[in-house]
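Residue 47 is where the sequence shown starts when you use our numbering, and the numbers rise one by one after that. See below for the structure under consideration.
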Amino acid sequence: MSTRKTASPEKTLPPSKRDRTRRRLLQAGVKVFAGKGIEAASIQEIAATAGVANGTFYNYFQSKEEIMEAAAIWVGVDYCEQIKASAAHIPDGAERMSIGGRHYMTMALAQPELARFMISVAVFSPIWAEQVEPYILADLTLGVKQKRFAIASTAAAIDMITGTNFAAINSLLTGRTGRAHIPAVSATILRGLGMAPKEADEIARRPLPPLPPAPEA
Numbered sequence: 047m048s049t050r051k052t053a054s055p056e057k058t059l060p061p062s063k064r065d066r067t068r069r070r071l072l073q074a075g076v077k078v079f080a081g082k083g084i085e086a087a088s089i090q091e092i093a094a095t096a097g098v099a100n101g102t103f104y105n106y107f108q109s110k111e112e113i114m115e116a117a118a119i120w121v122g123v124d125y126c127e128q129i130k131a132s133a134a135h136i137p138d139g140a141e142r143m144s145i146g147g148r149h150y151m152t153m154a155l156a157q158p159e160l161a162r163f164m165i166s167v168a169v170f171s172p173i174w175a176e177q178v179e180p181y182i183l184a185d186l187t188l189g190v191k192q193k194r195f196a197i198a199s200t201a202a203a204i205d206m207i208t209g210t211n212f213a214a215i216n217s218l219l220t221g222r223t224g225r226a227h228i229p230a231v232s233a234t235i236l237r238g239l240g241m242a243p244k245e246a247d248e249i250a251r252r253p254l255p256p257l258p259p260a261p262e263a
């Protein structure tokens with residue numbers, strides 16, 4: 047009889063105290079920035095909301111601008127992970143692209159303060175691009191591989207997708223457009239990626255898969 051032991055599955059270590067505190071500060075930053083706006087938000091209120099001393103704040107972030115960028119990227123990446131999980135069962139790169147953009151545009155209607163905060167950072171942050179654009183690139187690359195998209199260059203396609211989505215979110219936030227704008231913008235992006243109008247329009251109007259619950263604190 048064999049006495050060889052099978053390897054036990056690796057255990058995921060719980061987050062350290064430092065990681066938990068940093069997460070609380072990021073959550074507090076999102077809440078304060080989204081609720082009060084970037085100008086009115088203060089380090090003191092972020093620290094108080096997180097339940098830490100002002101001095102503790104500076105062990106993690108050097109300025110309001112630093113936590114502002116980190117908080118926006120953190121919530122943006124979390125949202126991208128939720129969208130990715132919601133579309134995990136969908137093999138079509140074109141539909142996945144439509145789902146991602148429509149979920150972000152829908153946030154502008156469902157959580158306008160949060161969307162306004164994220165977009166205010168995303169438009170000028172190179173770190174946002176580094177962290178969030180890979181999710182767009184994955185669906186774009188899949189669509190090209192499946193011959194669903196025909197693009198002039200990857201960089202140009204990414205600029206078209208992100209720029210159009212940012213502009214649409216701003217239109218929704220300012221009330222210039224409404225919910226019907228969301229599938230129209232999604233269809234326009236798919237057309238811009240080389241899809242036939244009729245198919246692009248049909249994909250952009252498919253039901254959105256529900257998002258899974260947000261990660262727990």
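Each residue gets a CB set at the ideal place from its N, CA and C atoms; glycine is no exception. Since the model is a prediction, treat every value here as computed from it, not as a measurement.
Check                                                                                                                                                        : Outcome
Alpha carbon to alpha carbon, how far is Ile92 from Leu71?                                                                                                   : 7 Å
If you run the structure through DSSP and keep just helix, strand and coil, what is Val178?                                                                  : helix
Taking 8 Å as the cut-off, does the stretch 232 to 249 touch the stretch 201 to 213 (at least 3 CB pairs, one atom from each stretch)?                       : yes
Quick one, are the C-beta atoms of Ala250 and Gly189 less than 8 Å apart?                                                                                    : no
Have a look at Leu218 and His149 and give me their C-alpha separation to the nearest angstrom.                                                               : 13 Å
Taking C-beta to C-beta, are Pro258 and Ser132 nearer than 8 Å?                                                                                              : yes
Between Met114 and Gly75, which are expected to be in contact by the criterion C-beta below 8 Å, what is the C-beta distance as a whole number of angstroms? : 7 Å
Within 10 Å of its beta-carbon, does Ile165 have 16 or more other beta-carbons around it, so buried, or fewer, so exposed?                                   : buried
Using DSSP with H/G/I as helix, E/B as strand and the rest coil, what is Ser54?                                                                              : With a pLDDT of 48 at Ser54, under the threshold of 50, the modelled position of this residue cannot be trusted, and the question is left open.
Is Arg252 closer than 8 Å to Leu155 when the C-beta atoms are compared?                                                                                      : no
If I'm right that Phe79 touches Ala117 with Cβ under 8 Å, what's the distance once you round it to whole angstroms?                                          : 6 Å
Since Ala96 is in the alpha helix (DSSP H), which residue starts that stretch and which ends it?                                                             : Ile89 to Ala96
For the alpha helix (DSSP H) holding Ala131, just list the boundary residues, first then last.                                                               : Lys110 to Ser132
Can you tell me whether Pro60 is buried or exposed, with buried defined as 16 or more other CB within 10 angstroms of its CB?                                : exposed
Do you know offhand how far Lys244's Cα is from Arg194's?                                                                                                    : 14 Å
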